[in-house]
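For the sequence shown, full-length UniProt numbering gives the first residue as 1, with consecutive numbering after it. Where is the CB? At the ideal position from N, CA and C, for every residue including glycine. Computed from a predicted structure; not experimentally measured. This report refers to the structure that appears directly beneath it.
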Amino acid sequence: MRREGIAAGRMAGPYHRGARRPKLWALRADRSGSGLITEAECTTCHDGSGAADDGRGPAVWCLAHAEETGHTGFRRIRTDFFRASCDGAGESVDGA
Numbered sequence: 001m002r003r004e005g006i007a008a009g010r011m012a013g014p015y016h017r018g019a020r021r022p023k024l025w026a027l028r029a030d031r032s033g034s035g036l037i038t039e040a041e042c043t044t045c046h047d048g049s050g051a052a053d054d055g056r057g058p059a060v061w062c063l064a065h066a067e068e069t070g071h072t073g074f075r076r077i078r079t080d081f082f083r084a085s086c087d088g089a090g091e092s093v094d095g096a
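Right, here's the structure in full:
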C-alpha cells in the first residue's frame, strides 16, 4: 500500500522505524536526603536562626530575637530539593 509522498512500510515524521526518541528530562522531588529545611532571617539586622529540619526552631528563634532586640520583621526561608532524571534517552522507538 502506498500513500502519496510516503513509501510503503515507512511512517513520516521523527518517530519512523529506527528513529531515536528525543531525550525527555523531568524534575522530581529528591526523597533520598532530608526533607524541607527551614531558616529565619531578621530583616533589620540580617541575623539568622540557622537551618532546621522543622519550622519550630526558627520560629522560637524569631520570638527570642524580637524580645532581645525589638526587631519585628523576619524572612522565612524554606528549601526543598529535587533531581533531574532522564527517561532512557537515545533508545530506539522500536526497541532496537
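For residue i, three-class secondary structure by DSSP
{"i": "residue 24", "result": "coil"}
{"i": "residue 48", "result": "strand"}
{"i": "residue 78", "result": "strand"}
{"i": "residue 83", "result": "strand"}
{"i": "residue 72", "result": "coil"}
Option in the options with minimal Cα separation from residue i
{"i": "residue 79", "options": "70, 61, 63, 53", "result": "53"}
{"i": "residue 82", "options": "64, 42, 27", "result": "27"}
{"i": "residue 35", "options": "51, 74, 23, 75", "result": "51"}
{"i": "residue 57", "options": "31, 76, 20", "result": "76"}
{"i": "residue 46", "options": "69, 31, 29", "result": "69"}
Whole-angstrom C-beta distance between residue j and residue i, which should lie under 8 Å
{"i": "residue 86", "j": "residue 25", "result": "5 Å"}
{"i": "residue 64", "j": "residue 72", "result": "Actually they are not in contact, since the Cβ atoms of residue 64 and residue 72 sit about 13 Å apart, beyond 8 Å."}
Pair within 8 Å by beta-carbon distance, residue i and residue j
{"i": "residue 48", "j": "residue 40", "result": "yes"}
{"i": "residue 55", "j": "residue 44", "result": "no"}
Within-8 Å CB hit, residue i to chain B
{"i": "residue 53", "result": "Absent from the structure: chain B. Only one protein chain is present."}
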